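Quick note: the sequence shown uses the numbering used here, first residue 2, plus one each step. Ideal Cβ placement from N, Cα and C applies to all residues, glycine included. The model shown is predicted, which means the values in this text are computed figures rather than measured ones. A short write-up of the structure that comes next.
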Amino acid sequence: MIENYKGIGSIKDSGGLELSEGIPKMKRSPQNRLHRFDDIMITRKILSILILIVAVHMVLSKNAHAYLDPGTGSYIFQVLMAGLIGGLYAIKVYWQKIKNFFSERFPRKDRGLSDKSNDSDGSNN
C-alpha cells in the first residue's frame, strides 16, 4: 500500500521501498545488507553442494567398456586442429587489444632508457 502520495515526487510504500518518479529504490540499511549477504551465502552453499555432487558422481562412475572405432581418432584430431587453428586466428584478430591489455597491466620499467637510444650522433650533451 502506498502512503503519502504527493504527485510526481518521492513516495514510500509500506514495505520500505522508496519510489522516486516510479522507479523503486531500496533504502540502504544494515538489514538490507544482511539479506544480500544471506543470499550470497545461500548461493555459495548451493554451488558447493552441486560441485560436491558432480565430484562424487565422477569418482563413483563405472567403466563403460565402450568400443572406439578407427574413425574416432581422426575425428578427435580434426576437433583438436580446428580448436588450435581457431584459437590462433582469434589471437591474430584481437592481437592489438590483447597487447594493449597486457601493456596497461604490466608496464615496462625500461621505457626511460629509450630516450638515450634515440641519440643518433652519439654525443653526450
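- Only residues of its own chain outside the window of five on either side were considered, and among them none has a CB closer than 7 Å to the CB of residue 51.
- One Cα belongs to residue 79, the other to residue 96, and the distance between them is close to 25 Å.
- Straight-line spacing of the CA atoms in residue 85 and residue 39 works out to 43 Å.
- The same chain holds no residue with a CB closer than 8 Å to that of residue 100 once the five nearest residues on each side in sequence are set aside.
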